[in-house]
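The opening position of the sequence shown corresponds to residue 1 in UniProt numbering, with each subsequent residue numbered one higher. Where a beta carbon is used, it is the ideal one built from N, C-alpha and C, also for glycine. Report on the structure given below.
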Amino acid sequence: MDEKFEMLLAMMKEMKAGQEEMKAGQEEMKAGQEEMKAGQEEMKAGLEKKMEAGQERMDQVQEEMKDLIRAGKEKMRTHVESQVKGIKDHVDGCVGRMEEEIQDVKGKIEEVQGEVHMKIEEVKSEVQEKMSDLERRLSDLETRPNNVPANPELMYSRPTVKPLTFDGLTSWTVFKTQFNVVSSTNGWTDFVKASQLVASLRGSAAEVL
């Protein structure tokens with residue numbers, strides 16, 4: 001009986017020792033968990049600091065990129081404005097030269113128009129004079145008696161040189177020189193010259209008649 005009691009007592013002591021050991025293990029595990037939790041908190045705090053530092057660096061890089069982009073845009077804008085100004089100056093210069101050339105051409109046209117007008121007026125005056133002389137001669141022929149011999153000026157042979165024509169566009173001086181040569185070659189009288197001159201007029205020169 002005592003032997004069984006001792007065995008039971010020994011078993012109870014052993015169980016109590018196991019419980020104490022288990023409790024000590026639990027305490028140790030709890031301490032390990034606390035230590036692990038503290039390590040996690042420390043790691044979390046470190047990561048948060050690193051993330052904050054990384055975010056700040058990222059923000060700084062973004063600002064630097066924005067500054068670079070703004071600087072690039074400003075440089076490009078300045079370059080484009082310079083190019084546009086250069087093109088505008090070149091175009092303005094070309095337009096100015098064209099306007100000067102146009103004014104010069106207009107002046108020459110007006111000068112030529114003035115010369116043409118003077119030539120036309122000169123031809124008109126000479127034709128009027130020749131026509132007046134021709135009308136006077138024709139009037140003399142109409143009033144001449146029938147028994148009076150015919151005016152020898154009306155009796156001329158066919159020209160041996162083809163008569164000229166004048167339209168008011170060619171040089172009057174050249175035409176006049178050629179006309180005098182033809183009249184001299186054909187032996188025309190003044191009356192015949194007047195007739196041939198009237199017959200030679202064309203275009204605007206004939207409109208003055």
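For the segment 81-152, list the beta strand (DSSP E) runs that are entirely contained and at least 3 residues long, ordered along the chain.
As far as the segment 81-152 is concerned, it has no whole beta strand (DSSP E) run of at least 3 residues.
Distance check for V116 and L169, CA to CA, integer angstroms please.
Distance between the alpha carbons of L169 and V116: 8 Å.
Tell me whether the beta-carbon of A194 lies closer than 7 Å to the beta-carbon of L134.
Yes, these two residues count as a Cβ contact at 7 Å.
Would you report the Cα separation of K124 and I102, rounded to the nearest angstrom?
About 32 Å.
Could you please give the first and the last residue of the uninterrupted alpha helix (DSSP H) stretch that includes L197?
L197 -> alpha helix (DSSP H) spans 190-200.
Out of curiosity, what's the CA-to-CA distance linking V192 and K106?
The straight-line gap from Cα to Cα measures roughly 42 Å.
Look at W172 and K85 and say whether their C-beta atoms are less than 7 Å apart.
No.
Express the C-alpha separation of M131 and R202 in angstroms, rounding to a whole number.
Approximately 15 Å between the Cα atoms of the pair.
Can you tell me where the alpha helix (DSSP H) holding S183 begins and where it ends?
172-186 is the span of the alpha helix (DSSP H), which, as asked, contains S183.
With H, G and I counted as helix, E and B as strand and the rest as coil, what does DSSP make of L154?
Interpretation of L154 is limited by its pLDDT of 44, a score under 50 that renders its predicted location unreliable; the figure taken from the coordinates is listed afterwards. L154 falls in the helix class under three-state DSSP.
Roughly how many whole angstroms lie between the Cα atoms of K50 and M58?
Their backbone Cα atoms lie some 12 Å apart in a straight line.
Can you name, in chain order, every residue of its own chain whose Cβ lies under 6 Å from the Cβ of V148, other than the five neighbours on each side?
A caution first: V148 carries a pLDDT of 42, below 50, which makes its placement in the model unreliable, though a value can still be read off. Around V148: no qualifying Cβ.
Can you grab the Cα-Cα spacing for the pair E14 / E27, in whole Å?
Distance between the alpha carbons of E14 and E27: 20 Å.
For the UniProt region "Disordered" (18-42), list the alpha helix (DSSP H) runs that are entirely contained and at least 4 residues long, ordered along the chain.
Listed in chain order, there is nothing to give.
Going by beta carbon distance, what residues of the same chain come within less than 6 Å of K23, once the five residues before and after it are set aside?
Hits under 6 Å: none found.
Got a sec? Which residues, its chain only, sit under 6 Å from F179 by beta carbon, not counting five neighbours each side?
Here the set comprises L164.
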